[in-house]
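Peer 1: Handing you a structure now.
Chains as they are written, first to last, in our numbering: chain A, 1 to 112; chain B, 1001 to 1436.
See below:
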């Protein structure tokens, strides 16, 4: 089992969700986050006082998947979230030791 | 008539309040959180730009004399020949020009260049609103809708609501839809603002409708009697139609979509006010309840048309103002009573179909004039200065792009004096760097 974490542009989130659902991903955890990489923030001005806004809003998606689905899921996220411009985000994969479904107590693959 | 004059001071202030801030709040709440400031700025700039232009030339085009489409723009240029005891009537009509222009902004949420809006405003006021105000309000035997056709329009069903609704439709057809619409539903970001704005619009509308009385008496006594009788009628009609429209909207919404919503109630308020605007003087209280209920129900359905037909009228200027304006103006032909301000009986009051024909013709002329002229202005702007922000700017959000501001700072936990997302003053940061 692997945890796929993706940080993407907010306006691409609906596309990515739809594509993952079509592939067969039945659930995920999503949060609104802020951060920066090569894409920097912007400047705002209030009554002449300039403010550097360091962080850019992003969407973080977390999905636990079977080992066999990892490449497909990562591929789908990259393909659908890509605009080719700075700030498209990142996807990374980490190993998961154990998963339990709270309602039933199902373990690991059965709980995904 | 001192009482009337004092009332007009209040009525004029109330109508200005309908744009700033009532409409700004109503539309701002329905916008996305990245577009709310721009949406409010479109109302504020409409007040500033159209207001001054109205005094310069708008009053003269509307009210300085005869003309089928407009009167001589230079006859009363900068209120030449208007004495200061007549200024309040100029100011009152000015607030109508302002809100009509501002109403259009609801259609273009989040994607129209601010510079294009600032150029669109005076062009549209000059070419479309000022002439329409003459055709309807600046009533002479020559003026097209009021004089030649003889359609009844007490406070602006044609000149204000059909006019702005058609203009909104034309503008979005040229401007195009928002990126992602209609698949992304782009729901309202703060409905409490919208409820507040709708309530303030209702309050302000008493100035709008009740203040639109036109005296017909020969003596002061006759005019005083008309003032007492007619303001009671228009106040009651405005109130009852709005109440009926809330119920009409909620009922249809409940049947079509399963729930009675707060946005539906707020929208019902505006739909009822729009529909009773032309009819406030013409109908009795039963007529007002009927017009309000029908308008609420029809508009509740009409706001779904854009999804089927594919025009991104973002905050439903067409579904509420065009459709509500048409409903109210046409229904005068059925519910008008000869006891009312126009002295005409409609179809249901034994007057035959003549009044209905006049009302329908008035509506068609308003739609045709506003539609053609607005389309020409929109196309001209599109092919010269451009109407839309770039794709990247639209995605980032027009508040930051056009105004360098964001409406909300909700990340105060990440704070050190300011917050990272709200930023720290650039000057403060520079001195910090020097100390380090």
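Think of the CB as a built atom: it goes at the ideal place given N, C-alpha and C, for glycine as much as any other residue.
Residues of the segment 1168-1201 of chain B with a CB closer than 9 Å to any CB of chain A: list them in chain order, please.
Peer 2: Going along the segment 1168-1201 of chain B in chain order, one finds 1179, 1180, 1183 and 1184 with a Cβ nearer than 9 Å to chain A.
Peer 1: Do you know how far the Cα of residue 42/A is from the Cα of residue 1429/B?
Peer 2: Here residue 1429/B scores only 48 on pLDDT, less than 50, and its place in the model is too uncertain to base an answer on.
Peer 1: DSSP on residue 101/A, reduced to helix/strand/coil?
Peer 2: coil
Peer 1: Would you mind sorting residue 1072/B into buried or exposed? The rule is 16 or more other CB atoms within 10 Å of its CB.
Peer 2: exposed
Peer 1: Measuring only the C-alpha atoms, how far is residue 1060/B from residue 45/A?
Peer 2: One C-alpha to the other measures close to 40 Å.
Peer 1: State the DSSP-derived secondary structure class of residue 1075/B, mapped to helix, strand or coil.
Peer 2: coil
Peer 1: Within the 8 Å Cβ cut-off, does residue 1110/B reach chain A?
Peer 2: no
Peer 1: Assign residue 100/A to one of two classes, buried (16 or more other C-beta atoms within 10 Å of its C-beta) or exposed (fewer than that).
Peer 2: exposed
Peer 1: What's the C-alpha gap between residue 13/A and residue 1303/B?
Peer 2: 27 Å
Peer 1: When DSSP builds the beta bridges, which residues end up paired with residue 185/A?
Peer 2: As shown, chain A starts at 1 and ends at 112. That puts residue 185/A outside it, with no answer to give.
Peer 1: Buried or exposed: where does residue 1041/B fall if 16 or more other Cβ atoms within 10 Å of its Cβ makes it buried?
Peer 2: buried
Peer 1: What are the residues in the segment 1384-1399 of chain B lying within 7 Å of chain A by C-beta distance?
Peer 2: 1395
Peer 1: Pull up the DSSP beta-bridge partners for residue 1112/B, would you.
Peer 2: 1388/B
Peer 1: For residue 1080/B, count the other beta carbons within 10 Å of its own beta carbon; 16 or more makes it buried, fewer makes it exposed. Which is it?
Peer 2: exposed
Peer 1: Distance check for residue 1401/B and residue 11/A, CA to CA, integer angstroms please.
Peer 2: 16 Å
Peer 1: Do the segment 1272-1287 of chain B and the segment 1308-1318 of chain B meet, that is, are 3 or more Cβ pairs less than 8 Å apart?
Peer 2: no
Peer 1: Starting from residue 3/A, follow the alpha helix (DSSP H) in both directions and report where the run begins and ends.
Peer 2: Run containing residue 3/A: none in the alpha helix (DSSP H); it sits in the beta strand (DSSP E), 2-8.
Peer 1: Report yes or no: is there a C-beta of chain B within less than 8 Å of the C-beta of residue 32/A?
Peer 2: no
Peer 1: Against residue 1406/B, what residues of chain A qualify as contacts under a CB-to-CB distance less than 9 Å, listed in chain order?
Peer 2: Within chain A, the residues near residue 1406/B are 44 and 53.
Peer 1: What does the alpha-carbon distance come out to for the pair residue 76/A and residue 60/A?
Peer 2: 15 Å
Peer 1: What residue does the alpha helix (DSSP H) around residue 1274/B start on, and which one ends it?
Peer 2: 1262-1279
Peer 1: Around the Cβ of residue 1415/B, are there at least 16 other Cβ atoms within 10 angstroms (buried) or fewer (exposed)?
Peer 2: Any reading at residue 1415/B needs caution, since the residue's pLDDT is 47, under 50, leaving its predicted position unreliable; the model's value is listed next. The residue in question, residue 1415/B, is exposed, as its Cβ has fewer than 16 Cβ neighbours within 10 Å.
Peer 1: Exposed or buried, residue 1295/B, counting other C-beta atoms within 10 Å across all chains shown (16 or more means buried)?
Peer 2: buried
Peer 1: Could you pull the DSSP bridge partners for residue 89/A from this structure?
Peer 2: 8/A
Peer 1: Taking only beta-carbon positions, decide if residue 14/A is within less than 8 Å of chain B.
Peer 2: It does: the Cβ of residue 14/A has a partner Cβ on chain B nearer than 8 Å.
Peer 1: Going by the DSSP bridge assignment, what does residue 29/A pair with across the sheet?
Peer 2: 62/A
Peer 1: Considering only C-alpha positions, which residue in the set 1051/B, 1057/B and 1203/B is nearest to residue 1017/B?
Peer 2: 1203/B
Peer 1: Between the segment 72-86 of chain A and the segment 13-22 of chain A, do at least 3 Cβ pairs fall closer than 8 Å?
Peer 2: yes
Peer 1: Kindly indicate which three-state DSSP category residue 107/A falls into: helix, strand or coil?
Peer 2: Judged by DSSP in its simplified three-state form, residue 107/A adopts strand.
Peer 1: Per DSSP, what are the beta-bridge partners of residue 95/A in this structure?
Peer 2: Residue pairing for residue 95/A: DSSP places it in a beta bridge opposite 2/A.
Peer 1: Taking 8 Å as the cut-off, does the segment 1008-1016 of chain B touch the segment 1085-1105 of chain B (at least 3 CB pairs, one atom from each stretch)?
Peer 2: yes
Peer 1: Starting from residue 1289/B, trace the alpha helix (DSSP H) in both directions and tell me its first and last residue.
Peer 2: 1285-1302
Peer 1: DSSP state of residue 1338/B, grouped into three classes?
Peer 2: coil
Peer 1: Between which residues of its own chain and residue 1033/B is the CB-CB distance below 7 Å, once the five residues before and five after are set aside?
Peer 2: 1189, 1407 and 1408
Peer 1: Enumerate in chain order the residues of its own chain whose CB-to-CB distance from residue 1180/B is below 8 Å, with the five nearest sequence positions on each side excluded.
Peer 2: 1186
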